[in-house]
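In UniProt numbering, the protein residues as written are 1 to 60.
Everything on this sheet refers to the single structure shown next.
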């Protein structure tokens, strides 16, 4: 699990850097409660990759 956590942290930092560099971003957040009354928060970020001009969607 340590390897997965370290890999996830590196990927998150790379995505955040690209989002910060993008001139266009949009963020959507949605919260819901499941049948066991656990709250869940989903965050979707859409940004334009400056290198390719493509729009990328990142889910958290």
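By construction, the Cβ of each residue, glycine as well, lies at the ideal position given by its N, Cα and C atoms.
Compute the beta-carbon to beta-carbon distance between residue 11 and residue 47, rounded to the nearest angstrom, for a pair I have assumed lies under 8 angstroms.
For a cut-off of 8 angstroms, the C-beta gap from residue 11 to residue 47 is around 15 angstroms, too long to register as a contact.
Could you check which residue in 55, 49, 35 has the C-alpha nearest to that of residue 17?
49
Grab the span of the beta strand (DSSP E) containing residue 35 for me, first residue to last.
Premise fails: residue 35 is in no beta strand (DSSP E) and is neither H nor E.
CA nearest to the CA of residue 55, picked from 26, 14, 7:
26
Bridge-paired residues (DSSP) for residue 26:
For residue 26, which the question treats as bridged, DSSP gives the partners 46.
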